[in-house]
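In the numbering used here, the protein residues as written are 6 to 254. All C-beta atoms in this analysis are idealised placements derived from N, C-alpha and C, irrespective of residue type, glycine included. Step one of this worksheet: look at the structure below.
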């Protein structure tokens with residue numbers, strides 16, 4: 006089936022002009038070269054931008070983590086967990102939500118749910134439907150200090166301590182993992198040193214560009230998705246988008 010879309014001539018001319026400008030100014034190759042002058046001449050802003058381009062390397066960087074992530078997903082299921090609750094806001098919950106909607110009928114791994122609202126009704130809905138003894142909580146916060154996410158953690162930690170007892174703290178912590186940046190998790194996330202696992206992302210990846218980091222890959226592993234082709238397709242697309250050409254997708 007032909008899905009080609011044709012724009013009105015006036016719009017097509019504007020699009021062609023914009024593409025020609027991007028090719029002429031070498032947008033693609035400059036992005037891959039981390040050339041911050043593509044966006045700004047301000048040194049301060051440029052320094053901030055330079056610390057947000059790590060997503061370009063994510064498909065390659067995380068290839069070495071596939072075996073560990075796959076083993077983690079299998080281990081959690083083997084221990085009897087049936088559900089995972091991602092507690093996060095903004096970029097920390099977007100990729101997991103996309104995965105749950107893309108693979109809604111995955112019957113191999115855990116059921117992954119997203120808690121990204123502090124509305125009491127939203128929180129209560131998961132209390133009523135998820136068995137706390139069989140639910141892994143994923144505390145996802147890049148900064149380690151996101152107010153809403155830490156509120157979710159405080160609530161879930163209290164529930165788990167009520168279920169298993171306050172001491173030792175590792176009993177409650179066994180049902181928690183965190184996804185954060187180096188220096189954030191153990192320093193600012195309460196109880197993080199008792200969590201069963203802490204996944205540390207490269208610090209130069211912004212939240213909304215984190216789909217192919219632990220933010221997306223940990224939930225994907227719990228869904229028992231095949232991570233190798235997911236990352237391989239991303240690497241192929243990355244290579245395809247390096248050229249300064251009107252054919253660059």
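Neighbour-count burial assignment, residue i, 16 or more Cβ in a 10 Å radius
i: residue 172; result: exposed
i: residue 100; result: buried
i: residue 129; result: exposed
i: residue 107; result: exposed
i: residue 165; result: buried
i: residue 38; result: exposed
i: residue 223; result: buried
i: residue 256; result: Because the chain spans 6 through 254 in this model, residue 256 falls outside it and cannot be assessed.
i: residue 142; result: buried
i: residue 78; result: buried
i: residue 126; result: exposed
i: residue 19; result: exposed
i: residue 296; result: Only positions 6 to 254 of the chain appear in the structure, and residue 296 is not among them; the question remains open.
i: residue 140; result: buried
i: residue 41; result: buried
i: residue 148; result: exposed
i: residue 216; result: buried
i: residue 12; result: exposed
Between the CA atoms of residue j and residue i - distance to the nearest angstrom
i: residue 240; j: residue 229; result: 21 angstroms
i: residue 170; j: residue 55; result: 46 angstroms
i: residue 48; j: residue 57; result: 15 angstroms
i: residue 168; j: residue 51; result: 49 angstroms
i: residue 162; j: residue 246; result: 44 angstroms
i: residue 174; j: residue 44; result: 47 angstroms
i: residue 80; j: residue 71; result: 14 angstroms
i: residue 226; j: residue 75; result: 6 angstroms
i: residue 90; j: residue 205; result: 18 angstroms
i: residue 254; j: residue 157; result: 39 angstroms
i: residue 84; j: residue 124; result: 31 angstroms
i: residue 23; j: residue 199; result: 52 angstroms
i: residue 109; j: residue 232; result: 17 angstroms
i: residue 116; j: residue 235; result: 19 angstroms
Cut-off 6 angstroms between Cβ atoms - residues of its own chain near residue i, not counting five sequence neighbours on either side
i: residue 213; result: 96
i: residue 221; result: 100
Cβ-based neighbour list, residue i, same chain, cut-off 7 angstroms, excluding 5 preceding and 5 following
i: residue 93; result: 121, 145, 146, 154
i: residue 197; result: 183, 190, 191, 203
i: residue 35; result: 43
i: residue 210; result: 59, 60, 63, 218
i: residue 137; result: 164, 165, 168
i: residue 176; result: 169, 170
i: residue 65; result: 240
i: residue 151; result: 94
Residue i, enclosing beta strand (DSSP E) - first and last residue
i: residue 203; result: 202-205
i: residue 119; result: 116-120
Host alpha helix (DSSP H) of residue i (start-end)
i: residue 20; result: 14-29
i: residue 244; result: 232-245
i: residue 49; result: 48-55
i: residue 229; result: Element bounds for residue 229: n/a, residue is neither H nor E.
i: residue 35; result: 32-37
i: residue 125; result: 125-134
i: residue 190; result: 190-193
Chain-order list of residues whose beta-carbon lies under 8 angstroms from that of residue i (same chain, five-residue window excluded)
i: residue 25; result: 251
i: residue 179; result: 201
**OP:** Counting only runs of 4+ residues fully inside the stretch 139-187, write out the alpha helix (DSSP H) ranges in chain order.
**Re:** 152-169, 174-178
Original post:
In the stretch 61-96, which residue ranges form an unbroken beta strand (DSSP E) of at least 3 residues, counting only runs that do not cross its ends?
Top reply: 88-92
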